[in-house]
Amino acid sequence: MNPTDSEGGPPTAAGSEQLYDALVDAGIDLLVGLPGTQTLPLDRTVDRRDDIRYVMARHETAIPHIAWGHYEAGGDVAATLTVPGPGDTNAMHGLKNALDDRVPLVHIAADADPEDRGKGPIHEIEPDTYDNVVKENYSIERPVEFHRAIRSGIETALTPPCGPVRLGVPKPLLDAEFCSPPVTVDPPTSRFDGDAEYETARQLLADAERPVVYLGVGARRTGDPDAVRALVETLDAAVVASYKGKGVFPEGDPRWLGVTASHLPAGAERALEAADVVLALGTRFDGVVTADWSLPMGDALVHVTLDSSRIDVAYDSDVAIVDDVGSAVDRLRDGLGSRERPDGAWDGAAVGRRVRAEYDDRLEDRGLLEDDAPIATAGALRTLRKALPRETVVTTDIGGFRLWAKQTFETEEPEAYVTSGSWAGMGVGIPAAIGAKLARPERPVVALTGDGGAMMCLQELHTAAAYDLDVLTILFNNEDYGIISKSPAIDQYAEGHRFDWSSPDFAAIAEGFGCRGQTVQTLSGLEDAVEAALARADGPELIDVRVDPDEPTAASFADYDSELEF
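See below:
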């Protein structure tokens, strides 16, 4: 039983215990961290009690990536824990990634004692350093603020549009016993009417002859994939997606065109140009996924987003609806009823088939699917798609292979394809796979990474081995920072220069971390290695896949003169 205060008042408890209870009350059952002197009170509490699982990463950079992958693969919200200063700043990359991807995390930083600030205590840094990488940054200084800040922070993280929050909790507060007044926090709620906007949008869509539906992060967060698909069928629309929208619409459906960016198939760009209405669901239209705002968005644009600050910033909308995607899809479908297709309307499935066939024919013509060493990334990805069960959760790092994966690795559901959005910071692939496996232990989990991205969080193979996680890492190895070396801009600064190197023996490194490791150089060898790894499923493995360093980039490959007319 907790002791009472000296005046016989309400019970007191250590701050670490109260914080732990608040996390449990919020339904958080995973804490990812790395112990330090300042975090020990909470580390000890988590170890002693059994409501929250503690997973120790090998570097703070990986901590939010693990929690992010856990949520993206269908797990619940996780908490993260670092020491202040170096730990917190190492985690900033992952916190910003989660912010842009609208992933809720509860990040706890064991801050310096407020009484010591300005005197130079170890790891001192101003708390407002983190304001721009989290949805909200709470700095707690007194016991009376404790419960309100923690509960407000958790509610803020979980309130759409979701995002990470930072709770700066000084070690003295984690250690001390005190009574903090209990509070009830009601998150702000908003109701979006927009009746006139919905009516205008429904009329545009009802009359549309060449509609395209564009899926963004909001469709992943608040949309129902089945409802989205039903709306697409009602409209008989063709479909594109941003990086974060990939997977919301099943890519085996013939209406699928591709993922937008500079590597969007040229035929898909033609379809966007020909569209009379583009219905954009939950996208920010950032520079990466719009090829620096060069992609066409049809004759009329209906933009649905919860973030009103993004309306009419990148593209002028004809109708702007401030609402979550789930609500918007339902209201639009209800208003359209059993829409009769206007005379001359295109067949969305026929459009998609023509676009994909033209792209696939070009892959064949360029020899990018052949089993000749050195193999091409596109062929390796197609081989992987064939070898991996459809329920496999795939996480991707950042690199040239990821851009190929956008177009050549078919995805059927959002939780089976975990990738970061346009923040595009390298190193996320392996730690995200660890988080995904913790969330979905019943599914195969595969990390796709490049040799450059792998070097940024390769140490997390040791985390996978320590927790005996059946995570398979596929490493696309071209011994180069290929996106930079092959950029058209490179010749402005260093004609013919490449950022290449002699690659380390990744298979041997994996073995040293306690994983299996092997190297393959053919598509048939890759298929055999993957099938053997899936059959074993008894710990982490790494397959080093040697790919052609001279292959085209996904963007340069997609820059062709499409012969399609719509």
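Numbering (full-length UniProt numbering), first residue to last: 1 to 566.
Glycine residues also receive a C-beta, built at the ideal position from the N, C-alpha and C atoms.
Computed from a prediction, not measured in an experiment: that's the story for all the values here.
Within 8 Å, strictly: CB atoms of residue i and residue j
i, j, result
"V446", "D397", "no"
"E394", "L475", "It is Val, not Glu, that sits at residue 394 in the sequence shown. Not closer than 8 Å, so no."
"V134", "L174", "no"
"P225", "P104", "no"
"E251", "E412", "yes"
"H70", "A436", "yes"
"A465", "F401", "no"
"Q38", "P86", "no"
"D100", "D236", "no"
"G194", "D323", "yes"
"G258", "S562", "no"
"L448", "F506", "no"
"L332", "Y315", "no"
"A424", "V313", "no"
"G75", "A439", "yes"
"A78", "L31", "yes"
"L384", "P444", "no"
Span separating the alpha-carbon of residue i from that of residue j
i, j, result
"I311", "A176", "47 Å"
"D468", "E479", "29 Å"
"G335", "V217", "24 Å"
"M1", "D29", "Low confidence applies here, because M1 scores a pLDDT of 36, under 50, leaving its location unreliable and the question unanswered by this model."
"T283", "N97", "16 Å"
"D207", "M456", "51 Å"
"L42", "T89", "20 Å"
"L381", "A387", "10 Å"
"P161", "R102", "6 Å"
"S524", "D371", "7 Å"
"L295", "G15", "52 Å"
"G450", "A432", "14 Å"
"D113", "G27", "29 Å"
"D559", "F566", "19 Å"
"C179", "H147", "10 Å"
"E124", "A13", "27 Å"
"T222", "W293", "25 Å"
"A238", "E199", "22 Å"
"E136", "G247", "29 Å"
"A280", "E410", "21 Å"
"E72", "V418", "6 Å"
"V232", "F249", "9 Å"
"G245", "I434", "22 Å"
"P549", "P374", "8 Å"
"I321", "D365", "44 Å"
Residue i, buried or exposed, once every other Cβ within 10 Å from all chains shown has been counted against 16
i, result
"Y214", "buried"
"D25", "exposed"
"S338", "exposed"
"W256", "buried"
"T4", "Only weak support is given to the placement of T4: the predicted model assigns it a pLDDT of 46, under 50, and the value that follows is read from those uncertain coordinates. With fewer than 16 other Cβ atoms within 10 Å, it is exposed."
"P170", "buried"
"P11", "exposed"
"N132", "exposed"
"V351", "buried"
"Q18", "buried"
"S6", "Confidence at S6 is low in this model, with a pLDDT of 46, below 50, so its placement is unreliable and no value can be given for it."
Nearest-angstrom beta carbon gap, residue j and residue i [assumed within contact, 8 Å]
i, j, result
"I403", "H263", "Correcting the residue type first, residue 403 is Leu in the shown sequence and not Ile. So it is a contact: roughly 5 Å between Cβ atoms."
"residue 619", "I150", "The requested residue 619 is not part of the displayed model; the chain covers only 1 to 566."
"V277", "P211", "5 Å"
"E551", "T377", "6 Å"
"L272", "V228", "Not really, about 18 Å apart at Cβ, beyond 8 Å."
Cutoff 8 Å: residue i Cβ touching any chain C Cβ
i, result
"L332", "Although the question refers to chain C, the structure presented lacks it and comprises just one protein chain."
Which parts of the UniProt domain "Thiamine pyrophosphate enzyme central" (199-332) are runs of the alpha helix (DSSP H), unbroken and 4 residues or longer, counting only runs that do not cross its ends?
217-222, 225-235, 266-274
With a floor of 4 residues, list each alpha helix (DSSP H) that falls wholly inside the segment 85-118, ordered by position along the chain.
86-100
Which ranges does the alpha helix (DSSP H) cover as unbroken runs of at least 4 residues, wholly within the segment 383-459, from first to last along the chain?
400-408, 429-439, 451-457
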